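Colleague: Supplied in structure tokens, the structure appears directly below.
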Amino acid sequence: MNKTKTAMITVCGRPNVGKSSLTNALVGEKIAIVSNKPQTTRNRIYGVMNRGDTQYVLLDTPGFHKARNRLGDYMVKVTRESIADVDAVLLLVEPVAHVGIPEAELIEKIKASHLPAILCINKIDTVEKKDDLLAVIAAYSEAYAFDAIIPISARTHEGLDDLMNELGKYASEGPQLFPDGMTTDQPDRQVVGEIVREKLLRNLDKEIPHGTAVEITRFIERDDEVIEVDATIYCEKASHKGIIIGKNGAMLKKISTEARRDIERFMGTKVYLETWVKVKENWRDNMNYIRSFGYDEQ
């Protein structure tokens, strides 16, 4: 079916509210990395979905947070800019019956943007009583006149059809932006790098993962359809390197095995993954390093 309409939607919310999980649930495959640590998403990730005559493009923004270094400044800038040129904004919140400071700040930005805004209350599978959900709706209705309020669960997919019906209202006549079958504008090697970084976030404690970056130094699709990937993991301290590698290489092996499984699922073919760990001190304060790891200022 020809796509004659497009809807560009920014998904915003505080860190860990489930923005990437929602993007993945709607698109139907893993394109945004998911972690229970804040600041997971560093780049704008577009999720692309084709439904009927409409192509939906989701912008998954880094959660608002106070920038602590140059990379942080860049992430906050990306978030601000991505609210500017879309058809609607989707504010994702947890089922808590008061408006937090990050949410209040986002609501101010939504007001200033004069864009249609949908409130999505995520994680409703964790709410025991319906009255609790009504209290959340009441708190946010008082804070802002949202165009729609939709309770959802990105985990169980409850409410996602209602959400898609609502998003369809903001589609405008326009050409198809991405070809059929394309679910993200991120090149394959970038998604692969993000998958490796997700496993670092999942397996390592505290501050170490945020001081890591992944560079895909080799990405070859062989004639037999096997893909060979070389990934270099950069960290900021020699002591971190030891932790990432682990005793007898056990931690690096675990990270690599988990990443390879997900990469194979994403690419739909067999993958050989080799990983190395290198130290680059204070890379997060060096714009050249930040750019070389793909966090380019678009």
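Note that my numbering has the sequence shown beginning at 3, numbered continuously upward.
Here a beta-carbon is modelled for each residue, glycine too, at the ideal position from N, C-alpha and C.
Because the structure is a prediction, the values reported are computed rather than measured.
(1) Within the segment 187 to 249, note down every full beta strand (DSSP E) run reaching 3 residues or more, in order along the chain.
(2) Using the beta-carbon count (16 or more within 10 Å), is V19 buried or exposed?
(3) Just reading off the beta strand (DSSP E) that L92 is part of, what are its end residues?
(4) Mark P177 as exposed unless 16 or more other C-beta atoms lie within 10 angstroms of its C-beta, in which case mark it buried.
(5) Since I believe V98 is in contact with L117 (beta carbons under 8 Å), could you give me their beta-carbon distance rounded to a whole number of angstroms?
(6) Under a Cβ-count criterion, where at least 16 other Cβ atoms within 10 Å of its own Cβ denotes burial, should D226 be classed as buried or exposed?
(7) Roughly how many angstroms lie between the CA atoms of E276 and L203, to the nearest whole one?
(8) With DSSP as the reference, label R286 as helix, strand or coil.
(9) According to DSSP, is S155 helix, strand or coil?
(10) Report buried or exposed for H159, applying the criterion of at least 16 other Cβ atoms within 10 angstroms of its Cβ.
(11) Would I245 pass as a contact of I235 if the rule is Cβ separation under 8 Å?
(12) So is P153 buried or exposed if we call it buried at 16+ other beta carbons inside 10 Å?
(13) Run the CB neighbour count on T128, radius 10 Å, all protein chains shown included, and call it buried at 16 or more, exposed below.
(14) Taking 7 Å as the limit between beta carbons, can you name the residues of its chain near E96, skipping five residues before and five after?
(15) Leaving aside the five residues before and after S174 along the sequence, list all residues of the same chain whose C-beta is less than 7 Å from its C-beta, in chain order.
(16) Identify the continuous alpha helix (DSSP H) that holds V13 and give its terminal residues.
(17) Is it true that the CB of V216 sits closer than 8 Å to the CB of A240?
(18) With T277 as the anchor, note down where its alpha helix (DSSP H) starts and where it stops.
(19) Does the distance from the C-beta atom of G15 to that of L94 stay below 8 Å?
(20) Please list the terminal residues of the continuous alpha helix (DSSP H) segment that includes I120.
(21) Could you name the residues that DSSP lists as bridge partners for V50?
(22) CA-CA distance, E130 and E110?
(23) If you reduce the DSSP assignment to three classes, tell me which class A147 lands in.
Modeller: So, from the data block:
(1) You should have 215 to 223, 229 to 237.
(2) That one is buried.
(3) For L92, the uninterrupted beta strand (DSSP E) segment begins and ends at 90 to 95.
(4) Looking at its Cβ environment, which holds fewer than 16 other Cβ atoms inside 10 Å, P177 is exposed.
(5) With a Cβ gap of about 24 Å, L117 and V98 do not count as contacting.
(6) By the neighbour-count criterion, in which 16 or more other beta carbons inside 10 Å mark a residue as buried, D226 falls on the exposed side.
(7) Answer to the nearest angstrom: the Cα atoms are 18 Å apart.
(8) It is helical.
(9) Correct three-state label for S155: coil.
(10) Classified as exposed, H159 has fewer than 16 neighbouring CB atoms from the shown chains inside 10 Å of its CB.
(11) With respect to the 8 Å criterion, I245 and I235 are not classified as neighbours on the basis of their beta carbons.
(12) Buried, since its Cβ has 16 or more Cβ neighbours within 10 Å.
(13) In the assembly as shown, T128 is an exposed residue. Its beta-carbon has fewer than 16 other beta-carbons within 10 Å.
(14) Closer than 7 Å at the Cβ level, and outside the excluded window around E96, lie V19, N124, K125.
(15) Once the five neighbours on either side are set aside, the close Cβ partners of S174 are K7, T8, D89.
(16) Not the alpha helix (DSSP H): V13 falls in the beta strand (DSSP E), residues 7 to 14.
(17) Contact flag unset, no.
(18) According to the DSSP assignment, T277 belongs to no alpha helix (DSSP H) but to the beta strand (DSSP E) extending over 273 to 281.
(19) A Cβ-Cβ contact shorter than 8 Å links G15 with L94.
(20) Run containing I120: none in the alpha helix (DSSP H); it sits in the beta strand (DSSP E), 119 to 123.
(21) Answer by DSSP bridge pairing, in chain order: V59.
(22) Those two C-alpha atoms are separated by around 30 Å.
(23) Of the three classes helix, strand and coil, the one that applies to A147 here is coil, per DSSP.
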